[in-house]
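For reference, the structure is listed below as C-alpha coordinates.
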Amino acid sequence: MTPEELLTEADRCVKCGLCLPECPTYRLLAHEADSPRGRISLMQALAAGEIAPGTGIEIHLDRCLGCRSCETACPSGVRYGLLLDASRNLIAKRKPGGSGLRWLLTQMSEPKRLALISRIYRPFRRSKIARWATTLLPQRYKRLPELGRQLAGTPSLPAGLYPADQPKGRLVQLFVGCVASQVEQSLLESGLALLRKLGYAVEIPQTQCCCGAMHRHNGAVQQAERYCETNRKQTAKSRAQALITLASACELELREQQASNLPVVSISDLLLTQLDGKNPPLKPYPGRVAVHLPCSSRDDGGLALLKRIPQAEIIPLAENGVCCGAAGSYLLTQPELSKRLGKAKIEKLLASGADILITSNTGCSLQFRQLLEEAGLETRVMHPAELIHQQWPD
148 MTPEELLTEA DRCVKCGLCL PECPTYRLLA HEADSPRGRI SLMQALAAGE
198 IAPGTGIEIH LDRCLGCRSC ETACPSGVRY GLLLDASRNL IAKRKPGGSG
248 LRWLLTQMSE PKRLALISRI YRPFRRSKIA RWATTLLPQR YKRLPELGRQ
298 LAGTPSLPAG LYPADQPKGR LVQLFVGCVA SQVEQSLLES GLALLRKLGY
348 AVEIPQTQCC CGAMHRHNGA VQQAERYCET NRKQTAKSRA QALITLASAC
398 ELELREQQAS NLPVVSISDL LLTQLDGKNP PLKPYPGRVA VHLPCSSRDD
448 GGLALLKRIP QAEIIPLAEN GVCCGAAGSY LLTQPELSKR LGKAKIEKLL
498 ASGADILITS NTGCSLQFRQ LLEEAGLETR VMHPAELIHQ QWPD
(Lines of atoms letter the chains of each structure in order from A and count residues from 1; the text may use other names and numbers.)
(Lines give C-alpha, C1' and ligand atoms only; values in the text may rest on other atoms or scores of the structure.)
Protein backbone atom coordinates (compact mmCIF):
# COMPACT_ATOMS: atom_id res chain seq x y z
CA MET A 1 0.00 0.00 0.00
CA THR A 2 1.49 3.33 -1.10
CA PRO A 3 1.09 6.51 1.01
CA GLU A 4 -1.55 7.66 -1.48
CA GLU A 5 -3.47 4.38 -1.18
CA LEU A 6 -3.15 4.59 2.60
CA LEU A 7 -4.68 8.07 2.58
CA THR A 8 -7.53 6.96 0.31
CA GLU A 9 -8.43 4.07 2.61
CA ALA A 10 -7.98 6.15 5.79
CA ASP A 11 -10.25 8.88 4.41
CA ARG A 12 -13.14 6.40 4.54
CA CYS A 13 -13.04 6.69 8.35
CA VAL A 14 -15.64 9.28 9.36
CA LYS A 15 -14.39 9.38 12.99
CA CYS A 16 -17.84 8.41 14.29
CA GLY A 17 -16.45 6.66 17.38
CA LEU A 18 -18.47 3.44 17.11
CA CYS A 19 -15.14 1.59 17.25
CA LEU A 20 -14.16 2.99 20.65
CA PRO A 21 -15.99 0.47 22.89
CA GLU A 22 -14.52 -2.39 20.83
CA CYS A 23 -10.88 -1.30 21.23
CA PRO A 24 -9.09 -3.06 24.15
CA THR A 25 -6.36 -0.43 24.48
CA TYR A 26 -8.84 2.45 24.48
CA ARG A 27 -10.80 0.65 27.19
CA LEU A 28 -7.62 0.36 29.25
CA LEU A 29 -6.05 3.76 28.60
CA ALA A 30 -8.99 6.03 27.67
CA HIS A 31 -6.65 8.00 25.40
CA GLU A 32 -7.87 9.21 22.00
CA ALA A 33 -4.50 8.51 20.35
CA ASP A 34 -4.84 4.89 21.52
CA SER A 35 -8.22 4.42 19.82
CA PRO A 36 -8.76 3.25 16.22
CA ARG A 37 -9.93 6.63 14.95
CA GLY A 38 -7.11 8.40 16.80
CA ARG A 39 -4.53 6.06 15.31
CA ILE A 40 -6.04 6.52 11.84
CA SER A 41 -5.62 10.30 12.24
CA LEU A 42 -1.94 9.70 13.07
CA MET A 43 -1.59 7.39 10.06
CA GLN A 44 -3.07 10.06 7.80
CA ALA A 45 -0.61 12.65 9.11
CA LEU A 46 2.26 10.17 8.62
CA ALA A 47 1.28 9.34 5.03
CA ALA A 48 0.82 13.02 4.18
CA GLY A 49 4.26 13.86 5.57
CA GLU A 50 2.84 16.09 8.29
CA ILE A 51 4.57 14.13 11.05
CA ALA A 52 7.73 12.05 10.92
CA PRO A 53 8.75 8.80 12.61
CA GLY A 54 10.35 9.47 15.97
CA THR A 55 7.85 12.15 16.96
CA GLY A 56 5.72 9.85 19.09
CA ILE A 57 3.54 8.18 16.48
CA GLU A 58 5.26 4.82 17.05
CA ILE A 59 4.20 4.79 20.71
CA HIS A 60 0.51 4.77 19.82
CA LEU A 61 0.77 2.45 16.82
CA ASP A 62 2.92 0.03 18.84
CA ARG A 63 0.26 -0.06 21.55
CA CYS A 64 -2.27 -1.31 18.99
CA LEU A 65 -2.89 -5.05 19.30
CA GLY A 66 -3.95 -5.42 15.69
CA CYS A 67 -6.94 -7.43 16.92
CA ARG A 68 -9.15 -5.71 14.31
CA SER A 69 -12.21 -5.72 16.56
CA CYS A 70 -12.80 -2.19 15.32
CA GLU A 71 -13.39 -3.49 11.79
CA THR A 72 -16.54 -5.36 12.78
CA ALA A 73 -17.96 -2.20 14.40
CA CYS A 74 -17.09 0.16 11.53
CA PRO A 75 -20.15 1.21 9.47
CA SER A 76 -17.85 2.36 6.65
CA GLY A 77 -15.96 -0.94 6.44
CA VAL A 78 -12.55 0.66 6.93
CA ARG A 79 -9.80 -1.97 6.55
CA TYR A 80 -7.94 -1.00 9.69
CA GLY A 81 -5.60 -4.00 9.65
CA LEU A 82 -4.27 -3.01 6.22
CA LEU A 83 -3.78 0.57 7.39
CA LEU A 84 -1.83 -0.55 10.46
CA ASP A 85 0.49 -2.86 8.49
CA ALA A 86 1.06 -0.21 5.82
CA SER A 87 1.84 2.47 8.40
CA ARG A 88 4.34 0.29 10.24
CA ASN A 89 5.98 -0.53 6.92
CA LEU A 90 6.11 3.18 6.07
CA ILE A 91 7.78 3.93 9.40
CA ALA A 92 10.31 1.14 8.77
CA LYS A 93 11.18 2.68 5.38
CA ARG A 94 11.50 6.22 6.70
CA LYS A 95 13.32 5.23 9.88
CA PRO A 96 15.76 2.40 9.03
CA GLY A 97 16.82 0.37 12.04
CA GLY A 98 13.62 1.20 13.95
CA SER A 99 12.83 -0.95 16.96
CA GLY A 100 15.59 -3.39 17.81
CA LEU A 101 13.07 -5.73 19.43
CA ARG A 102 10.84 -5.80 16.34
CA TRP A 103 13.85 -6.56 14.15
CA LEU A 104 14.93 -9.32 16.54
CA LEU A 105 11.48 -10.91 16.48
CA THR A 106 11.30 -11.00 12.68
CA GLN A 107 14.73 -12.66 12.58
CA MET A 108 13.91 -15.20 15.30
CA SER A 109 10.72 -16.39 13.62
CA GLU A 110 12.59 -18.02 10.75
CA PRO A 111 11.94 -21.74 11.49
CA LYS A 112 15.49 -23.13 11.32
CA ARG A 113 16.90 -20.15 13.21
CA LEU A 114 14.28 -20.47 15.94
CA ALA A 115 15.02 -24.18 16.26
CA LEU A 116 18.74 -23.42 16.72
CA ILE A 117 17.98 -20.74 19.33
CA SER A 118 15.73 -23.21 21.13
CA ARG A 119 18.40 -25.93 21.27
CA ILE A 120 20.99 -23.48 22.61
CA TYR A 121 18.70 -21.76 25.10
CA ARG A 122 17.19 -24.81 26.81
CA PRO A 123 20.36 -25.94 28.64
CA PHE A 124 21.59 -22.34 29.09
CA ARG A 125 18.43 -21.08 30.83
CA ARG A 126 19.11 -23.05 34.02
CA SER A 127 22.60 -21.61 34.48
CA LYS A 128 23.62 -18.87 36.91
CA ILE A 129 24.78 -16.77 33.95
CA ALA A 130 21.28 -16.85 32.47
CA ARG A 131 19.68 -15.78 35.75
CA TRP A 132 22.19 -12.95 36.12
CA ALA A 133 21.69 -11.81 32.52
CA THR A 134 17.91 -11.79 33.02
CA THR A 135 18.19 -9.30 35.88
CA LEU A 136 20.04 -6.88 33.56
CA LEU A 137 17.42 -6.92 30.83
CA PRO A 138 15.37 -3.74 30.31
CA GLN A 139 11.77 -4.05 31.50
CA ARG A 140 10.32 -4.44 28.00
CA TYR A 141 12.56 -7.46 27.37
CA LYS A 142 11.70 -9.26 30.63
CA ARG A 143 9.16 -11.58 29.03
CA LEU A 144 11.67 -13.03 26.58
CA PRO A 145 13.25 -15.44 29.11
CA GLU A 146 9.86 -16.06 30.78
CA LEU A 147 8.30 -17.19 27.51
CA GLY A 148 11.53 -18.90 26.48
CA ARG A 149 10.82 -21.56 29.10
CA GLN A 150 8.18 -22.94 26.73
CA LEU A 151 10.66 -23.62 23.93
CA ALA A 152 10.87 -27.33 23.28
CA GLY A 153 14.57 -27.58 22.47
CA THR A 154 13.78 -30.56 20.23
CA PRO A 155 13.20 -30.76 16.47
CA SER A 156 9.70 -30.26 15.13
CA LEU A 157 8.14 -32.90 12.92
CA PRO A 158 10.73 -33.68 10.23
CA ALA A 159 9.81 -32.91 6.63
CA GLY A 160 8.63 -35.89 4.65
CA LEU A 161 5.61 -38.04 3.77
CA TYR A 162 3.71 -39.75 6.58
CA PRO A 163 1.48 -42.61 5.39
CA ALA A 164 -2.13 -42.94 6.48
CA ASP A 165 -3.04 -45.55 9.10
CA GLN A 166 -5.86 -46.67 6.80
CA PRO A 167 -4.84 -45.80 3.22
CA LYS A 168 -7.74 -44.23 1.34
CA GLY A 169 -5.84 -42.48 -1.43
CA ARG A 170 -6.14 -39.07 0.28
CA LEU A 171 -3.22 -36.67 0.67
CA VAL A 172 -3.03 -33.39 2.61
CA GLN A 173 -0.20 -31.05 3.41
CA LEU A 174 0.32 -29.99 7.04
CA PHE A 175 1.42 -26.42 7.77
CA VAL A 176 3.60 -26.71 10.88
CA GLY A 177 4.47 -23.01 11.31
CA CYS A 178 7.60 -21.56 12.90
CA VAL A 179 6.86 -20.66 16.54
CA ALA A 180 4.44 -23.59 16.83
CA SER A 181 7.21 -25.97 15.81
CA GLN A 182 9.07 -25.10 19.02
CA VAL A 183 6.29 -24.53 21.57
CA GLU A 184 3.44 -26.76 20.37
CA GLN A 185 5.05 -30.19 20.07
CA SER A 186 2.00 -31.96 21.52
CA LEU A 187 -0.28 -30.18 19.04
CA LEU A 188 1.88 -31.12 16.05
CA GLU A 189 1.96 -34.75 17.11
CA SER A 190 -1.80 -34.81 17.84
CA GLY A 191 -2.65 -33.16 14.53
CA LEU A 192 -0.50 -35.56 12.54
CA ALA A 193 -1.89 -38.60 14.39
CA LEU A 194 -5.52 -37.53 13.83
CA LEU A 195 -5.02 -36.94 10.12
CA ARG A 196 -3.42 -40.37 9.71
CA LYS A 197 -6.19 -42.07 11.73
CA LEU A 198 -8.75 -40.48 9.39
CA GLY A 199 -7.03 -42.02 6.39
CA TYR A 200 -4.96 -39.10 5.17
CA ALA A 201 -1.36 -39.38 4.08
CA VAL A 202 0.38 -36.24 5.34
CA GLU A 203 3.02 -34.26 3.50
CA ILE A 204 5.38 -31.81 5.25
CA PRO A 205 7.53 -30.15 2.57
CA GLN A 206 11.19 -29.32 3.09
CA THR A 207 10.62 -25.90 1.51
CA GLN A 208 7.68 -24.90 3.72
CA CYS A 209 8.42 -21.67 5.59
CA CYS A 210 6.85 -19.11 7.94
CA CYS A 211 3.43 -17.77 6.94
CA GLY A 212 4.81 -14.22 7.22
CA ALA A 213 2.25 -12.83 9.67
CA MET A 214 4.84 -11.86 12.28
CA HIS A 215 6.83 -9.93 9.67
CA ARG A 216 3.85 -8.22 8.01
CA HIS A 217 2.50 -6.95 11.33
CA ASN A 218 5.93 -5.64 12.37
CA GLY A 219 6.55 -3.56 9.26
CA ALA A 220 8.65 -6.08 7.32
CA VAL A 221 6.12 -6.42 4.50
CA GLN A 222 8.68 -7.28 1.82
CA GLN A 223 10.01 -10.19 3.88
CA ALA A 224 6.44 -11.39 4.48
CA GLU A 225 5.78 -11.32 0.74
CA ARG A 226 8.87 -13.44 0.10
CA TYR A 227 7.57 -16.07 2.52
CA CYS A 228 4.15 -15.98 0.85
CA GLU A 229 5.68 -16.49 -2.58
CA THR A 230 7.76 -19.43 -1.32
CA ASN A 231 4.63 -21.07 0.09
CA ARG A 232 2.69 -20.42 -3.13
CA LYS A 233 5.37 -22.11 -5.21
CA GLN A 234 5.70 -25.18 -3.01
CA THR A 235 1.93 -25.72 -2.74
CA ALA A 236 1.62 -25.35 -6.52
CA LYS A 237 3.88 -28.39 -6.91
CA SER A 238 1.92 -30.55 -4.47
CA ARG A 239 -0.71 -33.15 -5.37
CA ALA A 240 -2.35 -32.71 -1.96
CA GLN A 241 -6.06 -31.99 -1.67
CA ALA A 242 -5.69 -29.27 0.97
CA LEU A 243 -3.27 -27.38 3.19
CA ILE A 244 -4.19 -28.13 6.81
CA THR A 245 -3.41 -25.48 9.42
CA LEU A 246 -3.11 -25.87 13.18
CA ALA A 247 -2.71 -22.21 14.25
CA SER A 248 -5.51 -19.73 13.53
CA ALA A 249 -3.06 -16.87 12.87
CA CYS A 250 -1.30 -18.87 10.16
CA GLU A 251 -4.64 -19.81 8.62
CA LEU A 252 -5.74 -16.17 8.50
CA GLU A 253 -2.47 -14.98 6.94
CA LEU A 254 -2.40 -17.76 4.33
CA ARG A 255 -6.02 -17.06 3.37
CA GLU A 256 -5.86 -13.26 3.27
CA GLN A 257 -2.59 -13.16 1.32
CA GLN A 258 -3.61 -16.04 -0.95
CA ALA A 259 -0.31 -17.66 -0.03
CA SER A 260 -1.37 -21.17 -0.96
CA ASN A 261 -2.39 -22.80 -4.23
CA LEU A 262 -4.15 -25.45 -2.17
CA PRO A 263 -7.43 -24.88 -0.29
CA VAL A 264 -6.56 -23.74 3.26
CA VAL A 265 -8.50 -25.73 5.88
CA SER A 266 -8.13 -25.60 9.66
CA ILE A 267 -7.78 -28.97 11.34
CA SER A 268 -10.82 -28.13 13.50
CA ASP A 269 -12.98 -27.62 10.41
CA LEU A 270 -11.70 -30.83 8.86
CA LEU A 271 -12.39 -32.82 12.04
CA LEU A 272 -15.87 -31.32 12.30
CA THR A 273 -16.76 -32.73 8.87
CA GLN A 274 -15.23 -36.12 9.70
CA LEU A 275 -16.68 -36.76 13.17
CA ASP A 276 -20.21 -37.36 11.97
CA GLY A 277 -20.96 -40.69 13.62
CA LYS A 278 -19.17 -42.83 11.06
CA ASN A 279 -16.05 -42.96 13.19
CA PRO A 280 -15.88 -44.67 16.61
CA PRO A 281 -17.41 -42.38 19.28
CA LEU A 282 -15.03 -40.25 21.31
CA LYS A 283 -14.31 -41.17 24.91
CA PRO A 284 -16.35 -39.19 27.48
CA TYR A 285 -14.77 -36.29 29.34
CA PRO A 286 -16.69 -35.50 32.55
CA GLY A 287 -15.38 -31.99 33.01
CA ARG A 288 -15.83 -28.35 32.07
CA VAL A 289 -13.94 -26.94 29.08
CA ALA A 290 -13.72 -23.20 28.36
CA VAL A 291 -13.13 -22.15 24.75
CA HIS A 292 -11.18 -18.98 24.05
CA LEU A 293 -11.89 -17.35 20.68
CA PRO A 294 -8.67 -15.82 19.28
CA CYS A 295 -8.86 -12.54 17.37
CA SER A 296 -7.41 -14.41 14.37
CA SER A 297 -10.15 -17.05 14.34
CA ARG A 298 -12.87 -16.97 11.71
CA ASP A 299 -14.98 -19.75 13.21
CA ASP A 300 -16.20 -20.58 16.71
CA GLY A 301 -12.77 -21.49 18.05
CA GLY A 302 -13.59 -25.23 18.00
CA LEU A 303 -16.74 -24.94 20.11
CA ALA A 304 -18.91 -27.01 17.74
CA LEU A 305 -16.21 -29.65 17.32
CA LEU A 306 -15.66 -30.13 21.04
CA LYS A 307 -19.37 -30.60 21.65
CA ARG A 308 -18.91 -33.98 19.99
CA ILE A 309 -17.16 -35.17 23.19
CA PRO A 310 -19.66 -37.03 25.41
CA GLN A 311 -20.32 -35.66 28.92
CA ALA A 312 -18.03 -32.65 28.40
CA GLU A 313 -19.48 -29.28 29.35
CA ILE A 314 -18.18 -26.96 26.61
CA ILE A 315 -18.60 -23.24 27.30
CA PRO A 316 -17.28 -20.09 25.62
CA LEU A 317 -14.88 -18.06 27.78
CA ALA A 318 -16.54 -14.86 29.00
CA GLU A 319 -15.79 -11.69 27.01
CA ASN A 320 -14.45 -13.66 24.08
CA GLY A 321 -14.63 -10.55 21.94
CA VAL A 322 -11.79 -8.91 23.88
CA CYS A 323 -8.18 -9.71 22.95
CA CYS A 324 -6.16 -11.74 25.47
CA GLY A 325 -3.13 -9.49 24.95
CA ALA A 326 -0.93 -11.98 23.11
CA ALA A 327 -1.50 -10.54 19.62
CA GLY A 328 1.49 -12.14 17.93
CA SER A 329 4.56 -10.23 19.08
CA TYR A 330 2.57 -7.85 21.34
CA LEU A 331 3.20 -9.95 24.45
CA LEU A 332 6.90 -9.10 23.96
CA THR A 333 6.75 -5.56 22.56
CA GLN A 334 4.16 -4.31 25.07
CA PRO A 335 4.60 -6.60 28.10
CA GLU A 336 2.73 -4.47 30.65
CA LEU A 337 -0.41 -3.91 28.57
CA SER A 338 -0.29 -7.50 27.40
CA LYS A 339 -0.23 -8.82 30.97
CA ARG A 340 -3.09 -6.56 32.05
CA LEU A 341 -5.27 -7.94 29.27
CA GLY A 342 -4.10 -11.50 29.90
CA LYS A 343 -4.75 -11.39 33.63
CA ALA A 344 -8.30 -10.19 32.98
CA LYS A 345 -8.79 -13.36 30.91
CA ILE A 346 -7.37 -15.52 33.70
CA GLU A 347 -9.96 -14.02 36.06
CA LYS A 348 -12.72 -14.99 33.61
CA LEU A 349 -11.23 -18.48 33.37
CA LEU A 350 -11.21 -18.89 37.15
CA ALA A 351 -14.82 -17.73 37.35
CA SER A 352 -15.80 -20.32 34.73
CA GLY A 353 -14.59 -23.24 36.86
CA ALA A 354 -13.10 -24.91 33.78
CA ASP A 355 -10.25 -27.37 34.15
CA ILE A 356 -9.19 -27.06 30.48
CA LEU A 357 -8.81 -23.88 28.42
CA ILE A 358 -9.00 -24.30 24.65
CA THR A 359 -7.44 -21.94 22.13
CA SER A 360 -6.41 -22.41 18.51
CA ASN A 361 -3.81 -19.63 18.47
CA THR A 362 -0.14 -20.26 19.33
CA GLY A 363 0.46 -16.78 20.77
CA CYS A 364 -2.62 -17.06 22.98
CA SER A 365 -1.35 -20.43 24.22
CA LEU A 366 1.99 -18.88 25.15
CA GLN A 367 0.24 -16.06 26.99
CA PHE A 368 -2.14 -18.28 28.94
CA ARG A 369 0.44 -20.91 29.90
CA GLN A 370 2.84 -18.34 31.27
CA LEU A 371 0.21 -16.42 33.24
CA LEU A 372 -1.30 -19.63 34.64
CA GLU A 373 2.16 -20.77 35.74
CA GLU A 374 2.80 -17.42 37.43
CA ALA A 375 -0.53 -17.70 39.24
CA GLY A 376 0.26 -21.24 40.39
CA LEU A 377 -2.75 -22.68 38.58
CA GLU A 378 -2.86 -26.11 36.95
CA THR A 379 -5.49 -25.44 34.31
CA ARG A 380 -4.40 -27.11 31.09
CA VAL A 381 -4.17 -25.07 27.88
CA MET A 382 -4.92 -27.13 24.79
CA HIS A 383 -5.75 -26.83 21.11
CA PRO A 384 -9.10 -28.38 20.04
CA ALA A 385 -7.19 -31.07 18.10
CA GLU A 386 -5.21 -32.03 21.21
CA LEU A 387 -8.36 -32.64 23.26
CA ILE A 388 -9.99 -34.58 20.40
CA HIS A 389 -6.85 -36.73 20.12
CA GLN A 390 -6.83 -37.27 23.89
CA GLN A 391 -10.45 -38.49 23.73
CA TRP A 392 -9.99 -40.60 20.59
CA PRO A 393 -10.93 -44.23 21.25
CA ASP A 394 -8.03 -46.61 21.83
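The end of the sequence shown is residue 541 by the numbering used here, with every number in the run present. Glycine included, C-beta positions come from ideal geometry on N, C-alpha and C.
ask   = Touch check for the segment 523-531 and the segment 502-511: three-plus C-beta pairs under 8 angstroms?
value = yes
request  = Over the uninterrupted beta strand (DSSP E) stretch that includes residue 309, give me the two end residues.
outcome  = 307-309
message = Tell me which residues share the same chain as residue 346 and place their Cβ nearer than 8 angstroms to its Cβ, disregarding the 5 neighbours each side in the sequence.
response = 311, 312, 313, 314, 315, 317
query = What are the uninterrupted segments assigned as beta strand (DSSP E) that are 3 or more residues long and contained completely in the segment 428-483, given in chain order?
reply = 435-438, 460-463
ask   = When the Cα of residue 156 is compared with those of 213, 175, 368, 231, which residue comes out closest?
value = 231
inquiry  = Taking the beta carbon of residue 158 as the centre, do at least 16 other beta carbons fall within 10 Å, making it buried, or is it exposed?
reply    = exposed
key: Selected residue, minimal CA-CA separation from residue 472, among 416, 466, 322, 484   = 484
task = Within the segment 375-414, note down every full beta strand (DSSP E) run reaching 3 residues or more, in order along the chain.
result = 390-392, 411-413
inquiry  = With a threshold of 6 angstroms on Cβ separation, who are the neighbours of residue 395 within its own chain once the five nearest residues in sequence on each side are excluded?
reply    = 441, 443, 444, 507, 508
request  = Report buried or exposed for residue 221, applying the criterion of at least 16 other Cβ atoms within 10 angstroms of its Cβ.
outcome  = buried
ask   = Looking at the structure shown, is residue 419 part of a helix, part of a strand, or coil, going by DSSP?
value = helix
Per-residue burial, residue 497 [other beta carbons within 10 Å of its own, 16 or more giving buried] = exposed
request  = State buried or exposed for residue 161, treating a residue as buried only when at least 16 other CB atoms are found within 10 Å of its CB.
outcome  = exposed
ask   = Which of the three DSSP states, helix, strand or coil, is assigned to residue 503?
value = strand
key: Close-in-space but distant-in-sequence residues of the same chain around residue 519 (CB under 6 angstroms, 5 per side omitted)   = 526
query = Cα-Cα, which of 148, 149, 209 is closest to residue 172?
reply = 209
query = Between the segment 318-335 and the segment 383-395, do at least 3 Cβ pairs fall closer than 8 angstroms?
reply = yes
query = Counting pairs of Cβ atoms below 8 angstroms between the segment 332-339 and the segment 369-383, do you hit three or more?
reply = no
query = Can the beta-carbon of residue 418 be found less than 8 angstroms from the beta-carbon of residue 385?
reply = no
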